[in-house]
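Be aware that the sequence shown starts at 3, since it is given in our numbering, and climbs by one per residue. Working notes, structure below.
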Amino acid sequence: MTVSIVLFTADLRVHDHPPLRAALDSADAVVPLFVVDDAIAAGGFATPNRRAFLADCLADLDEGLRQRGGRLVVRSGELAAEVCRVAAEADAGAVHMAAGVSAYAHAREERLRRALAGDGRELHVHDAVITAIAPGAITPATSGSDHFAVFTPYFRRWSTQPLRGALPAPRRIEVPAAIGSEPLPRRADAGAVSPGLARGGETRARAALATWLRRGIATYEDLHDDMAGDATSRLSPHLHFGTLSAVEAIHRSRGGTGGGGGAGPDAFVRQLCWRDFHHQVLAARPDASARDYRTRNDRWRGEEEAADEIAAWKEGRTGYPVVDAAMRQLAHEGWMHNRGRLLTSSFLAKTLYVDWRVGARHFLELLVDGDVANNQLNWQWTAGTGTDSRPNRILNPVTQGKRYDPDGSYVHRWIPELKSLDGPHVHAPWNLEGLDRAQFDYPAPIVDLSESRARFLEARGKE
Ligand code: FAD
């Protein structure tokens, strides 16, 4: 009997899974394997919120495999060593896995390839499993660069690329009986810190996509910035853990099953392209996870210098209601509306002039969809060290609040202390005549917007 291993990483699904399909096609039996990787925990990336969501994903993947006659094998330790151990136990000839994007993922693949080769086994790495278009598959025609540094030309090229077809889930999966598994990690043991954290797993991801295509996507273009409306897909954690395939989401949005094309679906697919865009930047510039993608001579204030302001930002008590509401949403849900992410990151990096890495670390600590490519490169975008073509734009939290939460419902939801202030007034409570501050248990602004704007522009002007 021939055996292959399919190693799951950020692709915790049975639908549209090219490595699983290839493993099944090339052997009589398959070991579906997930390794709880010591290095990810040691690197601080396995945060409680994401470990809780991951536990849901693994339980559901196990269930999906069992429905097809298989099961998930879980091991923990150093990834290459564990895969080699299972390969030896199963006498597997090959391992199939999805290509990763980060520097860590590349190093992991190389280590695994070498370790397996030492035992005479092969590693097959499959592209376009985690992203829709593989990083590096398209490059700018004229500049000779290995990646696109600007979104719009990338989007133009990306949109004309043929996507591989989405694969159905396999009907039957045979797993060798002798291969043992550790118990699956349990959500309850993860110690999630956000009480409103979403639940994970492929079943939920597929149901969420179906509901989104039926009921949300048509109005996405008009409502995606309505903070109170909460009218985005909330599919990001499912995409991050790969319980939903980006390829399948795009096909179905464009009209395969349930979607149907139009302004809403087009705008949604464009956002999925942003995901691929940041992944291809990170794949080409792995150090952009920590280093400025474009150096701008910033003299960021660090954690010690701005300790009080950073604490106020994290705790949602800056005195700017829409910033505080969004930060409280992050703490409560482990997720934040995109408009909130934009304006809170701009507030930290530009208004408080704090190093974007401080904010990115806090987001990664809490976000259930926290993702090195999307988080670090979006932070760089708002800090003006990344791919934004207007690196000095500053989002004014009062204007943003009035525009994207005009009746104050989003602020009211997260800052009940301000419930009695209606409409646009809630975004600048200090402006209200005759306001009795003592009536509200809410702080005064920690920073003056025009002074902070001048500080930032002066610093940037010295470049
Ligand atoms: P929708 O609006 O429904 O969009 C659909 C999908 O498109 C998202 O699920 C996501 O996969 C992708 N997408 C949308 N916007 C972006 C974007 N700007 N960049 C990359 N992909 C995008 N997204 C993450 O998935 N993980 C992160 O760690 C992350 N950190 C961010 C940090 C900052 C400072 C900012 C400004 C944005 C960040 N984003 C991140 C991007 C975006 O805010 C989230 O993807 C989005 O809010 C998730 O909600 P949704 O699924 O309802 O999105």
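Think of the CB as a built atom: it goes at the ideal place given N, C-alpha and C, for glycine as much as any other residue.
Open item on the list: Which of the three DSSP states is assigned to Glu-184 in this structure?
Closed with: coil
Open item on the list: Please report the distance separating the alpha-carbon of Asp-371 from that of Arg-206.
Closed with: CA-CA distance, Asp-371 to Arg-206, rounds to 15 Å.
Open item on the list: Please state whether the Cβ-Cβ distance between Leu-211 and Leu-237 is less than 9 Å.
Closed with: yes
- [ ] Taking Gly-264 and Thr-221 to be in contact with their CB atoms under 8 Å, please state how far apart those CB atoms are, rounded to whole angstroms.
- [x] With a Cβ gap of about 10 Å, Gly-264 and Thr-221 do not count as contacting.
Task: As assigned by DSSP and simplified to three states, the class of Phe-442 - done: coil
TODO: Pull up the distance between the alpha-carbon of Gly-261 and that of Gln-273, whole angstroms please.
DONE: Caution is warranted here: a pLDDT of 49 is assigned to Gly-261, below 50, making its placement in the model unreliable, and the coordinate value is therefore given only provisionally. Spanning the two alpha carbons is a distance of roughly 15 Å.
- [ ] Compute the distance between the beta-carbons of Pro-34 and Leu-81, then report whether it is under 9 Å.
- [x] no
Open item on the list: Looking at ligand 1, does it come within less than 8 Å of Trp-383, judged from the CB to the closest heavy atom?
Closed with: yes
Task: Buried/exposed call for Gln-163, threshold 16 Cβ in 10 Å - done: exposed
Open item on the list: One question on the structure: do Gly-336 and Val-195 come within less than 9 Å of each other, judged by their Cβ atoms?
Closed with: In contact: Gly-336 and Val-195 (Cβ atoms closer than 9 Å).
Task: Cβ-Cβ distance between Pro-21 and His-98 below 9 Å - done: yes
Open item on the list: So, at 8 Å on beta carbons, what are the nonlocal neighbours of Asp-232 in its own chain, with the 5 sequence-adjacent residues on each side left out?
Closed with: His-339
- [ ] Return helix, strand or coil for Leu-344, following the three-state DSSP convention.
- [x] helix
- [ ] Whole angstroms is fine: what's the gap from Met-3's alpha carbon to Arg-68's?
- [x] Their backbone Cα atoms lie some 21 Å apart in a straight line.
TODO: Alpha carbon to alpha carbon, how far is Cys-59 from Arg-188? Give it in angstroms, no decimals.
DONE: Using only the alpha carbons, I get a separation of about 10 Å.
- [ ] State yes or no: is the C-beta of Gln-402 nearer than 8 Å to some heavy atom of ligand 1?
- [x] no
Open item on the list: Please report the straight-line C-alpha distance between Glu-223 and Val-271, rounded to a whole angstrom.
Closed with: 11 Å
Open item on the list: For Phe-365, which residues in the same chain have their Cβ closer than 6 Å to its Cβ, ignoring the five residues on either side in sequence?
Closed with: In the same chain as Phe-365, and ignoring 5 residues on each side of it, the C-beta atoms closer than 6 Å to its own belong to Asn-377, in chain order.
TODO: Report the residue from Arg-415, Trp-276, Ser-348 and Val-249 whose alpha carbon sits nearest the alpha carbon of Gln-331.
DONE: The candidate whose alpha carbon is nearest that of Gln-331 is Arg-415.
- [ ] Identify, in the order they occur along the chain, each residue of the same chain with its Cβ nearer than 7 Å to the Cβ of Ala-54, setting aside the five sequence neighbours on each side.
- [x] Arg-189, Ala-192, Ala-194 and Leu-199
- [ ] Quick one: grab the DSSP three-state call for Arg-206.
- [x] helix
- [ ] Report whether the distance from the Cβ of Ala-104 to the nearest heavy atom of ligand 1 is below 8 Å.
- [x] Per the sequence shown, residue 104 should be read as Ser rather than Ala. Every heavy atom of ligand 1 is 8 Å or more from the Cβ of Ser-104, so no.
Open item on the list: Using a Cβ distance threshold of 8 Å, determine whether the stretch 36-51 contacts the stretch 275-293, with at least three qualifying pairs required.
Closed with: By the criterion of at least three beta-carbon pairs nearer than 8 Å, the stretch 36-51 is not in contact with the stretch 275-293.
Open item on the list: Under DSSP, the beta strand (DSSP E) around Phe-458 begins and ends at which residues?
Closed with: Boundaries for Phe-458: no beta strand (DSSP E) harbours it, while the alpha helix (DSSP H) harbouring it runs 451-463, taken from the DSSP string.
TODO: Could you say if the stretch 100-116 and the stretch 282-290 meet the contact criterion of at least three C-beta pairs nearer than 8 Å?
DONE: yes
Task: Buried/exposed call for Trp-160, threshold 16 Cβ in 10 Å - done: buried
Open item on the list: Can you look up Met-329 in the DSSP assignment and give me helix, strand or coil?
Closed with: helix
TODO: State buried or exposed for Arg-254, treating a residue as buried only when at least 16 other CB atoms are found within 10 Å of its CB.
DONE: buried
Open item on the list: Given the structure, does Ser-347 come close to ligand 1, in the sense that its CB is under 8 Å from one of the ligand's heavy atoms?
Closed with: yes
Task: Limits of the unbroken beta strand (DSSP E) element including Gly-361 - done: Counting along the chain, Gly-361 falls outside any beta strand (DSSP E), though it belongs to the alpha helix (DSSP H) covering 358-368.
- [ ] Since I believe Gly-361 is in contact with Leu-350 (beta carbons under 8 Å), could you give me their beta-carbon distance rounded to a whole number of angstroms?
- [x] The Cβ separation is near 4 Å, so the contact holds.
Open item on the list: For ligand 3, is there any heavy atom lying closer than 8 Å to the beta carbon of Phe-279?
Closed with: This structure lacks ligand 3; the ligands present are ligand 1.
- [ ] For Leu-354, verify whether its CB is less than 8 Å away from any heavy atom of ligand 1.
- [x] no
Open item on the list: So the candidates are Pro-445, Ser-6 and Pro-50; which of them puts its Cα closest to the Cα of Ile-181?
Closed with: Ser-6
TODO: Put Ile-132 into one of helix, strand or coil per three-state DSSP.
DONE: Secondary structure at Ile-132: coil, using DSSP grouped into helix, strand and coil.
Task: Alpha carbon of Leu-74 to alpha carbon of Cys-86, nearest angstrom - done: 17 Å
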